[in-house]
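Residue numbers (our numbering): 716 to 810.
Some notes on the structure that comes next.
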Amino acid sequence: MPIFSADSDAIVSQSVNVRATCDRLQSESDTLLGQLAELQSVWQGSAAAGFQGVMDQWRSAQLAIQDSLASIGQALNIAGTQYADAEQSAAAMFH
């Protein structure tokens, strides 16, 4: 049988930190997209179209990172909660 130790509060706390980081990244990305969108009115031609393609690729990658961070945060929260619940259940057996 495996032996393990987990600080459930620390795990849940880190899930909050991951969520906050994800929110900051989203906010900064939205700001950048808003600033770069202004170029559409002043830049046209094949270079502008190429730039738009690069921006679309970046946006896809950025969304994938946000989704990954959200999944990591959610998994940490669930893991921390489950560790705490398991410890409480085990402790209750001896009271």
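Where a beta carbon is used, it is the ideal one built from N, C-alpha and C, also for glycine.
Please read all numbers here as calculations on a predicted model, not as lab measurements.
Taking G795 as the centre and dropping the five residues before and after it, the same chain places the C-beta of S723, I726 and V727 closer than 6 angstroms to its C-beta, in chain order. Between the stretch 802-809 and the stretch 737-744, the count of C-beta pairs closer than 8 angstroms stays below three; the two stretches do not touch. Under the 10 Å beta carbon count, G768 is surrounded by fewer than 16 other beta carbons and is classified as exposed. Nearest neighbour of S730 by Cα position, chosen from S786, F809 and Y798, turns out to be S786. For A763 and Q781, the gap between their C-alpha atoms comes out near 26 angstroms.
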